[in-house]
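In what follows, a single structure is set out as structure tokens and then discussed.
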Amino acid sequence: MSNREIPETSVSEQSEVYSLAVDGMGGDGAPDVVVAGLALAADRHPGMRVLLTGDEAKLRPLLAKHPKAEAICTIWHTDESIPMEMKPTAALRVRKSSMRLGMDAVASGRARGVVSAGNSGAMLALAKIVVKTMPGISRPAMAAISPTVKGDVVMLDLGANIACDWRNLVEFAVMGEAFAKAVLGLPAPRIGLLNIGSEELKGDEKLRIAAEVLRASPLAAQFHGFVEGHDITAGTTDVVVTDGFTGNVALKTGEGVLKMATALLRQVFSRSLVAKLGYLLVRPGLERMKEWLDPRRYNGAVFVGLNGVVVKSHGGTDAEGFAAAVDVAMDMVTHGFNDGMRERLSLMGALLSHQQSSIEREPAEAVS
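So this is what it looks like as structure tokens:
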């Protein structure tokens, strides 16, 4: 099937269910980067079908230059898009934006997931309103993969929820475990709660209650306990759970340390002729490390806890980075991420309700 435009009035009548809806106009380099990224992803995912939302007049010439992308894409035309600086409340009023159409496709069942490199705040707001939160989840979270000395780690929340209670943290643990299974292919991911120490008495009440619930849950065998900041890059666990404020600070601190280390290495190897000769000797190892730590490999933050797969690509990424975000979305779709999470939530439901009832009874019991 060649790429074609779907008339707006007939979208709900289409019989084909697309693997993904992709926002063709979101991001600093759109639509060029988006189409080039889809061309790369097409080789990795045979059979993938993409509903590409955006300005048909701009997308069609680019697809003609990338036959592999053209072969998998169907265009849903709109000439409206959401600028990167637009506030989420304003974005909600743009009913025919390329990002909104992608969300609509997931909500209606026309696509199994959506990928966009557009405005983060607008994307989260639209995901909550259009795709909606999955039953049993109080708040969606932002999850992403980061490198460690042992492999990769899933970390959440990374900024969607600044303040969290114990129930949110337990739900994040359930979502993180399902994410690690789907994307990292781990049969039984180890889970850690980020804290200021590994001892059981460390941290505030919400952390201690969350740990207590996880130790009594179906995830007990996979729950490592509390982990500290250095455990993230050490690979102590496969999933690190925290609130959005702490997670966002940790993520950006790690990014800053990586940039600093890169700058220092450049300085060291450019100071003298001997240093430059030394660089030639260690260059293969440094190139391998650069490849391993390449942020494009880890592009694709996921809003988990929604009735569909919603993946956020970095707005300033290139084609390789956007393809990586598509990879994440396809892994989640292919491996039934949401089905796995629903199964875990059904097992956790009674335990969460019991813990909530216990907490609500404590003040009355204290008074009596």
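Residue numbers (our numbering): 1152 to 1519. Note that beta-carbon positions come from the ideal geometry of N, C-alpha and C, so glycine has one too.
Beta-carbon contacts of residue i that lie in its chain and below 6 Å, excluding the five residues immediately before and after
i       : result
Trp1227 : Ile1157, Leu1202, Thr1204, Leu1252
Asp1206 : Asp1230
Gly1336 : none
Val1173 : Val1201, Leu1203, Val1266
Leu1437 : none
Reduced DSSP secondary structure (H/G/I, E/B, other) of residue i
i       : result
His1381 : helix
Ala1474 : helix
Gly1180 : coil
Pro1298 : strand
Ala1262 : strand
Met1293 : strand
Asp1546 : In the structure as shown, the chain begins at 1152 and stops at 1519. Residue 1546 is therefore absent and cannot be evaluated.
Ser1497 : helix
Phe1454 : strand
Phe1420 : coil
Gly1272 : helix
Asp1490 : helix
Ala1172 : strand
Gly1205 : strand
Asp1230 : coil
Met1306 : strand
Lys1427 : helix
Ser1267 : strand
Ile1347 : coil
Ser1464 : coil
Ser1248 : strand
Contacts around residue i, its chain only, beta-carbon distance under 7 Å, and the 5 residues preceding and following it disregarded
i       : result
Ala1361 : Trp1317, Leu1320, Val1321, Leu1344
Trp1443 : Pro1298
Phe1488 : Ala1329, Phe1330, Ala1333, Val1460
Arg1195 : Asp1478
Gly1302 : Gly1386
Arg1398 : First, the amino acid is wrong: residue 1398 is Gly here, not Arg. If we look at Gly1398 and ignore the five residues flanking it on each side, its Cβ neighbours are Met1306, Leu1307, Asp1308, Leu1309, Gly1310.
Local Cβ density within 10 Å of residue i, reported as buried at 16 or more and exposed below that
i       : result
Pro1197 : exposed
Met1250 : buried
Gly1407 : exposed
Thr1225 : buried
Lys1403 : exposed
Met1411 : exposed
Val1300 : exposed
Ala1215 : exposed
Arg1366 : exposed
Arg1439 : exposed
Asp1255 : buried
Ala1414 : exposed
Asp1355 : exposed
Pro1338 : exposed
Gly1269 : buried
Ser1368 : buried
Gln1418 : exposed
Val1168 : exposed
Ser1289 : exposed
Lys1463 : buried
Cβ-Cβ separation, residue j to residue i (assumed contact under 8 Å), whole Å
i       : j       : result
Ala1208 : Leu1189 : With 8 Å as the limit, Ala1208 and Leu1189 do not qualify as a contact, their Cβ atoms being about 18 Å apart.
Asp1308 : Ala1292 : 4 Å
Gly1380 : Gly1310 : That pair is no contact at about 17 Å.
Met1285 : Leu1498 : No, Met1285 and Leu1498 are not in contact; Cβ-Cβ is about 15 Å, not under 8 Å.
Gly1491 : Val1257 : The Cβ separation is near 18 Å, so there is no contact.
Ser1248 : Ser1232 : 6 Å
Sequence-distant residues of its chain with Cβ nearer than 8 Å to residue i (five each side left out)
i       : result
Val1425 : none
Phe1377 : Gly1343, Leu1344, Leu1345, Asn1346, Gly1348, Ser1349, Glu1350, Glu1351, Lys1353, Gly1354, Leu1358, Ala1362
Ile1383 : Ser1297, Thr1299, Val1304, Met1306, Leu1345, Val1391, Ala1401, Gly1405
For this session: Evaluate contact between the region 1174-1190 and the region 1461-1468, counting only Cβ atoms and requiring at least three cross-stretch pairs below 8 Å.
Result: yes
For this session: Kindly confirm or deny that the region 1259-1269 and the region 1476-1485 touch, where touching means at least three C-beta pairs closer than 8 Å.
Result: yes
For this session: Determine, using beta-carbon pairs with one atom in the region 1321-1332 and one in the region 1389-1405, whether at least three such pairs fall under 8 Å.
Result: yes
Problem set entry | the region 1430-1449 in contact with the region 1289-1306 per 3-pair CB rule at 8 Å | yes
Problem set entry | the region 1264-1278 / the region 1232-1239 touching (three or more Cβ pairs under 8 Å) | yes
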